Each structure stands twice: as C-alpha cells, then as structure tokens.
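Asks: Before we start, here is the structure in question, set down as structure tokens.
Protein chains in written order, with the numbering used here: chain S, 1 to 73; chain Z, 74 to 146; chain H, 147 to 219; chain E, 220 to 292; chain D, 293 to 365; chain U, 366 to 438.
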C-alpha cells in the first residue's frame, strides 16, 4: 500500500534529515536531525518499508500536541 | 504538590524557550521555541500552574519515542 | 501556516466524511464517518482552523498503531 | 491474570474481525478488519496471550479520541 | 450509546475509587484514588456522561503500556 | 547521553520499585510495583541502558493525563 499524500492536524511537523534507521523484530527506531536536535521515532518496520525511509533522506518528525509534555530544570 | 526532580525514559527532551501559554477551560497550550522550530504542547491547566510555566522561561519539550511519527514529502 | 502535504508512517489512515465539528475553549472534537462507523478525534481548535475542517468534507482519521488497543467481549 | 470485563471511556470502539496476529520479540501486531478497512494495533505479546487473540475472532479496535488525528487530501 | 462490556489489551488496569470529576468545555478531568496514589485522567465530557462517572464510584484507570514512561531520581 | 534532571508536566508520577526488566529486539518492558499494583511500561532498550534501570531500584511510572482512560465494571 502506498500511503496517500495529505495535510494533517498534528501541530508539530518538524523538518529534518534521517540520520539512523534501526529495525527490530516488529518495531523500528528512526532518528531525525532537526536543526541539531535529534528526535527518535519508534515506528513499525512496515512503515519504514512503505515510506522507503533511509539515512540521508529529508523527513518530518510529526507529533500530536497532546503527546508533548513540558519539563523545567 | 511540587513535582519531583527526575530523569525520564522519554527519548526526546528538546531544550528551548516558552513563547506562548494559553489556558482553556481545563486544557492549556504551551508553545516552545526549539532552535527556531515551534513545538506545541497540550497539557492540563494544573500542570501550567504547578510548574509555574511562563513566557520567556527555558523549558524542555518531552516526547516519548512511540508518540513520534515520520513523514516524507 | 499551511500544513505541508506528506505521506506519514501512521499505519491507520481511515478514509471517511466529517459529520460533526465541535470547538471548545482550546480543544475541538471532530467526528468522521468511516463506512458507517463513527470515529471521534480530539484535536486543537487551531488544527480545525488551519485545515479548514467542515461537516461534509472528505477526511482521514489517522492513528498510530501503538495507540490502538484490542478488546474482546 | 484474566483481564476484567469493563466499559471504557475510549470514544472509539470499532467492531471487526482479527485477520492477522504477528508476534515479535516483545511487541505484537494485530490487524482487525473493520467493515473493509484494516486497522493495525501494536500491543504487547503478553496481551495477545492473555486475551487469546486469534485470526478469525471478533474483536474491537479501541482508540482514545486524543490519539486520533484528522488529515485531508 | 451504551459502551459494550469488554476485556482489553491495555496492560495497566488499576482499580480504585473516583475522587473528583471536573468538566471543561469539551474535556473533563477525572481523578481516581488507587490505593492512596491519585491518578488523573483527561477524557471527553461525553465519556463522563456515557459511563455516568461520579465521585465515590469504583473505577479503573486504564493505561496502555506504550504510554507509560519510567523515571528515576 | 545522560538525561537531564527535571520536573515534568505529566500529572501522574507514581512512585514504586522496579520488579522486572525484559529487553526485546528494540523495545523493553519494565514492571514497577506501585504499592501493590504492578504497572507495565514499554520503553526503548536505549532508555533502559541510559537510566541504568534494574530490578529492586526505586522508580516512577510517569503517565500523561491524556493517556489515561477510565473504565467501570
């Protein structure tokens, strides 16, 4: 299945470059460099295959606002 | 209740500065500037009060890896 | 901000039609008819405005696999 | 442990039939056919065992409203 | 709609007593005492109405394992 | 990377003792005894290593209010 192209309600769509893709048994970890900060995403192996995710590729880290916490020192 | 100080398993702890705090009836939106990218967090009003969150304050956007998706153009 | 058009890792992208949009103080509820089943999404008011969500519009309910539970009778 | 029988606050309880169960090292993927749409759930292997989830079994995909995003073409 | 009675894959089903229900514009906060610890749930107002949630009522806090983080001092 | 010490907006910070740590290919399960109730967390293997999580160690189960559901019998 090729994923449709869409605009999405998730408030956070941070543009960067994929710097690491690690597949596990069913779950993969994808790391994206967002202007110097590294964001780690835990996604299905199937998603990695369907989107053809590879190191060096431009990509967005997409995060729903209700999944973001705030912390202070 | 004062929140305890702790180190947390969440893989994503992005340091920035709070640029907006908007309280609703029960849910508040906090926006954090992370090196030029704005991250929006939807948290309880109670959390805003307990942590004393204010515009201009240094803060982290904390996100569990399993809550991050990856998108490509 | 206009949201970029993208393909996303979320495994569940269910196509349907928006049947209800209810805005609260900061959080809106959007209901989508997916072939007879109604799916309720809780999103920010800002997302409703940015995407121009309206009753009658075709839309996808997008859900990360790690956010889906399984239940049996 | 046998899970208790309960009614739950999650707004989305979509009834269907399990069409695939794939176990990984710790995480399993369960696919449910909801009136023609396939919903993928990522759950623990332990949940698959405790609920006795099998292909062909009727089941619900249960999703909290705050975990549903909305997308448009 | 009366919610169906079901057994669910969520690994965490903590039994307690409801000690507070606060409704907002669209989102309600429900606090449950679990053997002395208070757990706060943010759910839709509609869920509060459909389940008839009230202070003093026995209830479970239900949490998917992938939504639990671990922290240390 | 050593995780910074912080106070966090997540409403639920339940103190207990780690009773089990099981690593998978990429995802680990950590079980924490909270005054007699066991809470299961699904986190990355990397988080287990970085925080040095071990059986017998005091730890918090941290859960965002928007990830808690309420169920009744």
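Cβ coordinates follow ideal geometry from the N, Cα and C atoms, glycine included. The structure displayed is predicted, hence computed values, not measured ones.
Residues in its own chain within less than 8 Å of residue 8(S) by CB, not counting five upstream and five downstream?
Replies: So the list reads 62, once near-sequence residues are dropped.
Asks: Can you find a C-beta in chain U that's less than 8 Å from the C-beta of residue 55(S)?
Replies: Output row for residue 55(S): interface = no.
Asks: Can you give me, in chain order, the residues of the stretch 258-272 of chain E that have a beta carbon less than 9 Å from any beta carbon in chain D?
Replies: Residues passing the 9 Å Cβ filter: 260, 261, 262, 263, 265, 266, 267, 269, 270 and 272.
Asks: Consider the Cβ of residue 9(S): report whether some Cβ of chain Z lies at a distance smaller than 8 Å.
Replies: By this cut-off, residue 9(S) is not an interface position.
Asks: Please state the DSSP three-state secondary structure of residue 379(U).
Replies: The answer is strand: DSSP assigns residue 379(U) an E or B state.
Asks: Strictly by DSSP, which residues pair up with residue 314(D)?
Replies: For residue 314(D), which the question treats as bridged, DSSP gives the partners 321(D).
Asks: Three or more beta-carbon pairs under 8 Å between the stretch 121-138 of chain Z and the stretch 337-344 of chain D, yes or no?
Replies: Output reads no: the stretch 337-344 of chain D does not touch the stretch 121-138 of chain Z.
Asks: When you compare each of 86(Z), 93(Z), 77(Z) and 78(Z) to residue 81(S) by their alpha carbons, which one comes out closest?
Replies: Residue 81(S) is absent from the model: chain S starts at 1 and stops at 73.
Asks: With distances taken Cα to Cα, identify the nearest neighbour of residue 249(E) among 67(S), 71(S) and 46(S).
Replies: Checking every option, the nearest Cα to that of residue 249(E) belongs to 46(S).
Asks: Helix, strand or coil, according to DSSP, for residue 155(H) in the structure here?
Replies: Note: residue 155(H) maps to coil in three-state DSSP.
Asks: Taking the CB atoms as reference points, tell me whether residue 189(H) and residue 238(E) lie closer together than 8 Å.
Replies: For residue 189(H) and residue 238(E), no; Cβs fall outside 8 Å.
Asks: Can you tell which of 146(Z), 145(Z) and 133(Z) has the C-alpha that lies nearest to the C-alpha of residue 83(Z)?
Replies: Minimum Cα distance to residue 83(Z) is reached at 133(Z).
Asks: Grouping DSSP H, G and I as helix and E and B as strand, with all else coil, what is residue 121(Z)?
Replies: Residue state, collapsed to three classes: helix.
Asks: Taking residue 70(S) as the query, report the chain U residues whose CB atoms sit under 7 Å from its CB, ordered along the chain.
Replies: Correct list: 374.
Asks: Check for me: the beta strand (DSSP E) holding residue 420(U) runs from which residue to which?
Replies: Segment: none, residue 420(U) is in no beta strand (DSSP E) and carries neither H nor E.
Asks: So is residue 244(E) in contact with chain U if we call contact Cβ pairs under 8 Å?
Replies: By this cut-off, residue 244(E) is an interface position.
Asks: Thinking C-alpha only, which one of 423(U), 433(U), 430(U) and 399(U) is nearest residue 365(D)?
Replies: If we check each option's Cα against that of residue 365(D), 423(U) comes out closest.
Asks: Thinking just about the alpha-carbon of each residue, which of 182(H), 178(H), 169(H) and 212(H) is nearest to the one in residue 234(E)?
Replies: For residue 234(E), the nearest C-alpha among the options comes from 182(H).
Asks: Looking at chain U, is there any beta carbon in it that lies within less than 8 Å of the beta carbon of residue 66(S)?
Replies: It does: the Cβ of residue 66(S) has a partner Cβ on chain U nearer than 8 Å.
Asks: Using C-beta distances below 6 Å, list every residue in its chain close to residue 23(S), excluding the 5 sequence neighbours before and after it, in chain order.
Replies: Excluding residues within five positions, the ones whose Cβ falls inside 6 Å are 45.
Asks: Return the CA-CA distance between residue 150(H) and residue 6(S), expressed in angstroms with no decimal places.
Replies: If you take the alpha carbons of residue 150(H) and residue 6(S), they lie about 8 Å apart.
Asks: Using the Cα positions of residue 137(Z) and residue 318(D), report the straight-line distance between them to the nearest angstrom.
Replies: Computed Cα separation, rounded: 25 Å.
Asks: Which residues in the same chain as residue 382(U) place their Cβ atom closer than 8 Å to its Cβ, once the five residues preceding and following it in sequence are excluded?
Replies: The residues are 397, 398, 421, 422, 423 and 424.
Asks: Which stretch, first to last residue, makes up the beta strand (DSSP E) that contains residue 141(Z)?
Replies: First-last for residue 141(Z): undefined, no H or E at that position.
Asks: Residues of chain Z with CB under 9 Å from residue 365(D), in chain order?
Replies: 77, 78, 79 and 80, listed in chain order.
Asks: Report all residues from its chain with a CB closer than 8 Å to the CB of residue 187(H); omit the five preceding and five following residues, and keep chain order.
Replies: The residues are 175, 176, 177, 178 and 207.
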